[in-house]
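Shown next, in structure tokens, is the structure this report addresses.
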């Protein structure tokens, strides 16, 4: 075996060993994270019922305060009114407004969850895309030692999204790639808004409309 071949061989062995150690470290981290109570809620946009659900829970369990991140959800004033009507603490709620897809939900939520040092997140979602959304979360967030516990909210009516094997395969493939890339490149969303910063009076002047099932008066 010549010198070049030996270098390649030992290089591959070194890379394999490093990957093995990294996977072992992530696995141990996930086992430990799974034993902790949820430290944050991640609400995927796409249905106001998810926001209704988490607002109601936040209003009922003020003792268990932790950050709530709503990724590209309903209109800002609708979310604020839901949390106000539920008597929930607005200070713990953040709106991430960059995501345009389920992949984007995790791409832009990850930097915030890391900033909050989250190790166990409760994933609030619903609909026919649940399986794809949960696997994507476990790949992307799990690669950073964040344990994901899904919380599935019942929907009313026909789901707005359509699923296919191709769509699932493509999303899981890029999630695997991002699980690696995100350890060296983690772009942050430039549109993250605390719920307390939502100006209801300005929105009322401009006009807004919430989904009927939210039961919000005066919107």
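In the working numbering, the protein residues as written are 42 to 260.
All residues carry an ideal CB built from backbone N, CA and C; glycine is no exception.
Using a Cβ-Cβ cut-off of 6 Å (strictly less than) and excluding sequence neighbours within five positions of residue 83, which residues of its own chain qualify? Sequence index remark: in the chain shown, residue 83 carries index 42 (1-based). Here residue 83 has 110, 150, 162, 164 as same chain residues with Cβ atoms under 6 Å from its own Cβ, once five neighbours each way along the sequence are excluded.
Per DSSP, what kind of secondary structure is residue 163 in: helix, strand or coil? Against the chain shown, residue 163 aligns to sequence position 122. In this structure, residue 163 counts as strand in the three-state DSSP scheme.
One question on the structure: do residue 154 and residue 182 come within less than 8 Å of each other, judged by their Cβ atoms? As a working note, residue 154 is residue 113 in the chain shown. As a working note, residue 182 is residue 141 in the chain shown. Taking the C-beta atoms as reference points, residue 182 is found nearer than 8 Å to residue 154.
Check whether residue 236 and residue 124 have beta carbons under 8 Å apart: Locating residue 236 in the chain shown gives position 195, where the first residue counts as 1. Locating residue 124 in the chain shown gives position 83, where the first residue counts as 1. Yes, they are a contact pair.
Looking only at its own chain, which residues have a Cβ that is under 8 Å from the Cβ of residue 121, when we skip the five neighbours before and after it? On the chain shown, residue 121 is found 80 positions in, with the first residue counted as 1. Once the five neighbours on either side are set aside, the close Cβ partners of residue 121 are 131, 236, 239, 241.
Helix, strand or coil for residue 216? Go by DSSP, reduced to three states. Taking the first residue of the chain shown as 1, we reach residue 216 at position 175. Helix at residue 216.
Alpha carbons only, please: which of 256, 126, 127, 117 is nearest the one belonging to residue 137? The count along the chain shown starts at 1 and reaches residue 137 at position 96. Considering only alpha carbons, the answer is 117.
Run of the beta strand (DSSP E) containing residue 112, from where it starts to where it stops: As a first step, residue 112 must be located in the chain shown, where it is residue number 71. Per DSSP, residue 112 belongs to the beta strand (DSSP E) from 109-112.
Between the Cα of residue 215 and the Cα atoms of 173, 244, 98, which residue gives the shortest distance? Within the chain shown, the letter at position 174 stands for residue 215. Of the candidates 173, 244, 98, the one whose C-alpha sits nearest the C-alpha of residue 215 is 173.
Would you mind working out which of 113, 190, 220, 81 sits nearest residue 89, comparing C-alpha positions? By 1-based counting over the chain shown, the position of residue 89 is 48. Closest by alpha carbon: 113.
Just the Cα atoms here: how many angstroms apart are residue 97 and residue 192? Taking the first residue of the chain shown as 1, we reach residue 97 at position 56. Taking the first residue of the chain shown as 1, we reach residue 192 at position 151. Taking the straight line from one Cα to the other gives about 14 Å.
Euclidean distance between Cα positions of residue 180 and residue 76: Residue 180 sits at position 139 when you count from the first residue of the chain shown. Residue 76 sits at position 35 when you count from the first residue of the chain shown. The straight-line gap from Cα to Cα measures roughly 19 Å.
Per DSSP, cross-strand counterpart(s) of residue 99: Position 58 of the chain shown holds residue 99. As computed with DSSP, residue 99 is found in no beta bridge at all.
Helix, strand or coil: how does DSSP classify residue 81 here? To locate residue 81, count along the chain shown from 1; it is residue 40. Strand at residue 81.
In this structure, how does DSSP classify residue 193 when only helix, strand and coil are distinguished? To locate residue 193, count along the chain shown from 1; it is residue 152. Residue 193: strand per DSSP, three-state reduction.
Looking only at DSSP bridge pairs, what is residue 134 linked to? Counted from its first residue, the chain shown places residue 134 at position 93. DSSP lists 109 as partners of residue 134.
Taking DSSP as the reference, what is the three-state secondary structure of residue 228? By one-based count along the chain shown, residue 228 stands at place 187. Shown here, residue 228 sits in coil according to DSSP, grouped into three states, outside any helix or strand.
If you draw a straight line from the alpha carbon of residue 224 to that of residue 253, how long is it in whole angstroms? As a first step, residue 224 must be located in the chain shown, where it is residue number 183. As a first step, residue 253 must be located in the chain shown, where it is residue number 212. One alpha carbon belongs to residue 224, the other to residue 253, and they sit about 41 Å apart.
Taking the straight line between their C-alpha atoms, what separation do you get for residue 171 and residue 79? Residue 171 sits at position 130 when you count from the first residue of the chain shown. Residue 79 sits at position 38 when you count from the first residue of the chain shown. Answer to the nearest angstrom: the Cα atoms are 19 Å apart.
Taking residue 158 and residue 188 to be in contact with their CB atoms under 8 Å, please state how far apart those CB atoms are, rounded to whole angstroms. Taking the chain shown and counting its residues from 1, one reaches residue 158 at position 117. Taking the chain shown and counting its residues from 1, one reaches residue 188 at position 147. About 13 Å separates the CB atoms of residue 158 and residue 188; that is not less than 8 Å, and the two are not in contact.
Measure how close the beta-carbons of residue 167 and residue 204 come, nearest whole angstrom, since I'm counting them as under 8 Å. Along the chain shown, one-based indexing puts residue 167 at 126. Along the chain shown, one-based indexing puts residue 204 at 163. For residue 167 against residue 204, the beta-carbon gap comes to about 13 Å, at or over 8 Å, which does not count as contact.
Between which two residues does the alpha helix (DSSP H) containing residue 175 stretch? Taking the chain shown and counting its residues from 1, the one referred to as residue 175 is at position 134. Segment 171-181, the alpha helix (DSSP H) holding residue 175.
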